[in-house]
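Enquirer:
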Amino acid sequence: VPSPMIYTLVIDGSTGELTNYSVVSAPGPIGGIALAPDQDALYAGALSAPSVYGFDVAHDGSLVPMMASPFDHAGTATLELSVHSSGDFVYVYGFPAAPYVYGYEVATDHTLVALPTMWDPMELEAYSMVLAGRYGYLGPSQPGGYPSFTIDPAPGALSTTPGSRLASGADGTGGAAVA
Numbered sequence: 272v273p274s275p276m277i278y279t280l281v282i283d284g285s286t287g288e289l290t291n292y293s294v295v296s297a298p299g300p301i302g303g304i305a306l307a308p309d310q311d312a313l314y315a316g317a318l319s320a321p322s323v324y325g326f327d328v329a330h331d332g333s334l335v336p337m338m339a340s341p342f343d344h345a346g347t348a349t350l351e352l353s354v355h356s357s358g359d360f361v362y363v364y365g366f367p368a369a370p371y372v373y374g375y376e377v378a379t380d381h382t383l384v385a386l387p388t389m390w391d392p393m394e395l396e397a398y399s400m401v402l403a404g405r406y407g408y409l410g411p412s413q414p415g416g417y418p419s420f421t422i423d424p425a426p427g428a429l430s431t432t433p434g435s436r437l438a439s440g441a442d443g444t445g446g447a448a449v450a
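According to this note's numbering, the sequence shown is numbered sequentially starting from 272.
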């Protein structure tokens, strides 16, 4: 059962041991989380709502809910989300009723402003989403290759990358990662 709890852990650099540091409760179950590149904000997808929960990362590492959170999108749920390496955009993948990638612009105070565009992965259900520079990739849960989208850096708009359905393994399913 998905949990609404987000735990902050401390890693011992010499042993790799994890220690609980703090915990914060989101308004509902979490679908995925992503840390902003400057490590000042954390975003969590609402698994049972078309929203993203935003948290400021305090100087001591604890999470503080943003005043304007949650940030809504046009989907039905948020399964995956990623923060662009520039820190300027957050993209979310929503499914099952609306399998789209939705975008947000990140304001200077780390709050999110929904972008008017979305990208349709052609009814493809995905396990994962990863961003790499100007491109985003979905790890599909069914055969058909790995669909990708191109990010226009000025407005953050999305479009299908030509030839984006890369060949994949025997069944065409799995996660996505970029090295």
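Where a beta carbon is used, it is the ideal one built from N, C-alpha and C, also for glycine.
Compute every distance between the C-beta of residue 430 and the non-hydrogen atoms of the ligand SAH, then say whether any falls below 7 Å.
Expert: Looking for the ligand SAH in the displayed structure turns up nothing, as the structure carries no ligands at all.
Enquirer: Does the structure place the region 353-368 close enough to the region 299-319 that three or more beta carbon pairs sit under 8 Å?
Expert: With the cut-off at 8 Å, the region 299-319 and the region 353-368 touch.
Enquirer: Residue 288: buried (16+ other C-beta within 10 angstroms of its C-beta) or exposed?
Expert: One-based indexing of the sequence shown puts residue 288 at position 17. Flag for residue 288 reads exposed.
Enquirer: Measure how close the beta-carbons of residue 294 and residue 310 come, nearest whole angstrom, since I'm counting them as under 8 Å.
Expert: For the purposes of this step, residue 294 is identified with residue 23 of the sequence shown, where counting begins at 1. For the purposes of this step, residue 310 is identified with residue 39 of the sequence shown, where counting begins at 1. Residue 294 to residue 310, Cβ: 18 Å. No contact.
Enquirer: Answer with buried or exposed for residue 296, where buried requires no fewer than 16 other C-beta atoms within 10 angstroms of its C-beta.
Expert: Against the sequence shown, residue 296 aligns to sequence position 25. Residue 296 comes out exposed.
Enquirer: May I ask which residues mark the beginning and end of the beta strand (DSSP E) holding residue 305?
Expert: Numbered from 1 along the sequence shown, position 34 holds the residue referred to as residue 305. Looking at the DSSP string, the run of the beta strand (DSSP E) that includes residue 305 is 301-306.
Enquirer: Please look up how many angstroms separate the CB atoms of residue 381 and residue 315, rounded, as I've assumed it's under 8 Å.
Expert: Taking the first residue of the sequence shown as 1, we reach residue 381 at position 110. Taking the first residue of the sequence shown as 1, we reach residue 315 at position 44. Actually they do not touch by this definition, with Cβ atoms about 13 Å apart.
Enquirer: Report the rounded CA-to-CA distance for residue 439 versus residue 418, giving the unit in angstroms.
Expert: To locate residue 439, count along the sequence shown from 1; it is residue 168. To locate residue 418, count along the sequence shown from 1; it is residue 147. Reliability fails at residue 439, whose pLDDT of 47 lies under 50, so the model's placement of it is uncertain and no value is given.
Enquirer: So is residue 345 buried or exposed if we call it buried at 16+ other beta carbons inside 10 Å?
Expert: On the sequence shown, residue 345 is found 74 positions in, with the first residue counted as 1. The residue is exposed, with fewer than 16 neighbouring Cβ atoms inside 10 Å.
Enquirer: The beta strand (DSSP E) that contains residue 327, what's its start and end?
Expert: As a first step, residue 327 is located in the sequence shown; it is residue number 56 there, counting from the start. Start and end: 322-328.
Enquirer: Let me check understanding here. Comparing Cα to Cα, which of 353, 357, 274 and 325 lies closest to residue 335?
Expert: As a working mapping, residue 335 is identified with position 64 in the sequence shown. Considering only alpha carbons, the answer is 325.
Enquirer: My guess is that residue 383 and residue 342 are in contact by the Cβ rule of under 8 Å, so how many angstroms apart are they, rounded?
Expert: Counted from its first residue, the sequence shown places residue 383 at position 112. Counted from its first residue, the sequence shown places residue 342 at position 71. Confirmed, Cβ separation roughly 4 Å.
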